[in-house]
Structure formats: structure tokens, C-alpha cells
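First comes the structure, then the notes that go with it.
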Amino acid sequence: MAEPLTHADWLAGVPALLAETATSWGLTLGQAYPPGAAGHAVRAELPDGTPAVLKLSNPHRESLQEADALERWDGDGAVRLLERDDTHNAMLLERCEPGTFLSHSDDALGVLIGLLPRLWKSGAGFNTLEDEASIWAYDVARNVRDATLRDAALHYLRVLPATQGEQVLLHQDMHGDNVLAAQREPWLVIDPKPLAGEREFSVAPIVRSSELGHSKRDALHRLDRLTAELGLDRDRALGWTVAQTAAWSGGSDYVDVHIQTVRWLLEDA
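Okay, here's the thing in C-alpha cells:
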């Protein structure tokens, strides 16, 4: 089996991929969006002038089923998938205009509380939270040096996966900058990293969404309001937030901020 491309090697091939997919779909390409961690998106127009977004992804476990999730949501609270090309890991998406981040809204949490139940479609066919948790446990044991945080995360990763409720489709990276202002609806979700698991997990990326306010009071308010208004088990939601955030605590500029949030949650556990 061929070795996966490094991100740098994948980026080097992006111009050719853009040209191939644009020709295939008859697109006129415009300005690129700011680069993502594992993808490249550009503004595009369909042959009839309809605005769209052409998104290319560097294949990764967390995003392999992104197009499948968008198909299942079918525009219900999320951007519409217009076309997909799995050979090139390319998607043609509905464009959100003006595209303002939800984190700039005065009632971001209220919007998220309204959107989440719409995303909880059937999780059938998607990678499971239970399987993903086993990968996180390995990463936490190997990479998290803070013993208190590591032990707490491993505890939750032992007890939560096998005792879950109904399995629904989850967006495991639904933070304040992955929901955009749009025209078809006021706000639409983008960039799913889909999993099938219990609803309580859904709050994890929102609780740690520091762009919605970064203090112990802010984080606990998000946890309390989300679980209360959505009828979720607060303890399980807290546990999933600690577990996933600890597992993702590497390789980015905001890790220290997230780890601080985890410590606040553990003080309240």
C-alpha cells in the first residue's frame, strides 16, 4: 500500500486537482478561502452563474465521510452538497453569503441549540464514536503529560463508550467558526467530521469553543445551557468534552486554551 501524502505534498498537487475538477464540473473559479488544516476551498460559479464553493480535502480518518454527512443532512441546517468526486476528494458545496462566523453573533449559543437537533439524523453507516474513542485512548495515554488530565480522560474513555444512548449523526467539530451566516437560512453548518454516537457528545466542541468566550464561567455556562435546553445528561457531556479535548491536545496554536477549559471542567466534575 502506498504511503499517504504529507500535507505539504498534497498542497503541491492542489492546483492540478482544482483545474481537473473545475473542468469536470464546468466551474469558473474565484478567490480562495483562508487555508484550512486539511483542506483547500475556493469560491466558484456554476455554468449558470450560481455561486458555489469547490472544496478539496487531504484524506484523513476524521473527514473521510464528510460528503456522506452532508448528503444525509440534505441541507437541513447544513450547507448543501451539490456534487461529489470521491476519486479526487472533491466536493461542490452551496456557498454561504455573507459567510460571517457564528461566533460574531450575540446569541450564538441559542443558534447552536436550535441547529443541533436538526443534525441528529440516523448515524447508520458512519464511523462510530466508540471506535474513535479507542484511538483517542491510545493518543491520550501516549501524548498527554499532565497526569490529572490524562487519568481523567482515560477514565471517561473507559466508561462512556459502551454505555451510550441512541446513536445519531454527530458533528465532532461544531464550534463557533464552523457555522456561517447564509441566505437560504440565517445560519448553516459547515465542515463536518462525522461520527455515529450519543447526543451528549455533541456539546464537546461547543463547550471548548473559546471564540464564544474563554473563562471558567463561560465554559460552564455553555455546558449548563446546552445540556439543560437539549435534555442531555450533563455528566456524560462533561466527560466527553474532557475526553475528546485531551485527545485533540496536540499540534495547534489553541491547545493551551483548550487544556485550560478541561481543567475548569474537572474542577467542576
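Residue numbers (this note's numbering): 3 to 271. For every residue, glycine included, the Cβ atom is placed at its ideal position computed from N, Cα and C. Keep in mind the model is a prediction, meaning the values are calculated, not measured.
Query raised in the report: How about Ala54 and Leu13: do their beta carbons lie closer than 8 Å?
Result: It is not a contact, given that the beta carbons lie outside the stated cut-off.
Query - Cβ shell of Gln246 (< 6 Å), same chain only, five flanking positions each side left out - result: Ala206.
Query raised in the report: With Arg236 and Leu225 assumed to form a contact (beta carbons below 8 Å), what rounded beta-carbon distance in angstroms separates them?
Result: In this structure Arg236 touches Leu225 by the C-beta definition: roughly 7 Å separates them, less than 8 Å.
**Report entry** Pairwise C-alpha distance: Leu66 and Asn60
**Finding:** Near 9 Å, if we compare the C-alpha coordinates of Leu66 and Asn60.
Requested in this report: Please work out which residues of its chain come closer than 6 Å, Cβ to Cβ, to Leu118, disregarding the five sequence neighbours upstream and downstream, and give them in chain order.
Outcome: Here the set comprises Ser204.
Query raised in the report: What's the gap between the Cα of Leu159 and the Cα of Ala143?
Result: A direct Cα-to-Cα measurement between Leu159 and Ala143 gives close to 11 Å.
Query raised in the report: Assuming Leu267 contacts Thr243 under a Cβ cut-off of 8 Å, what Cβ separation, rounded to an integer in Å, is found between them?
Result: Right, their Cβ atoms sit about 6 Å apart.
Query - Whether Ala80 touches Gly178 by CB criterion (8 Å) - result: For Ala80 and Gly178, no; Cβs fall outside 8 Å.
Query raised in the report: Ordered along the chain, which non-local residues of its own chain (more than five positions away) have a Cβ less than 6 Å from that of Ile261?
Result: Closer than 6 Å at Cβ, skipping near neighbours: Ser251.
Query raised in the report: In terms of residues, what are the limits of the beta strand (DSSP E) holding Ser59?
Result: Per DSSP, Ser59 belongs to the beta strand (DSSP E) from 53-59.
Requested in this report: With a floor of 3 residues, list each beta strand (DSSP E) that falls wholly inside the region 85-114, ordered by position along the chain.
Outcome: Secondary structure in the region 85-114: the beta strand (DSSP E) runs of 3 residues or longer, each lying completely within the stretch, are 92-96 in chain order.
Report task. Evaluate Leu240 with the Cβ neighbour count: other Cβ atoms within 10 Å of its Cβ, from every protein chain shown; 16 or more gives buried, anything less gives exposed. Result -> Label assigned to Leu240: buried.
Report task. Would you grab the beta carbon distance between Leu56 and Ala43 for me? Rounded to a whole angstrom, and I think it's under 8 Å. Result -> Between the beta-carbon of Leu56 and that of Ala43 there is about 7 Å, and that keeps the pair under the 8 Å contact cut.
Report task. For Ser204, name the three-state secondary structure that DSSP assigns. Result -> If DSSP states are grouped into helix, strand and coil, Ser204 belongs with the helices.
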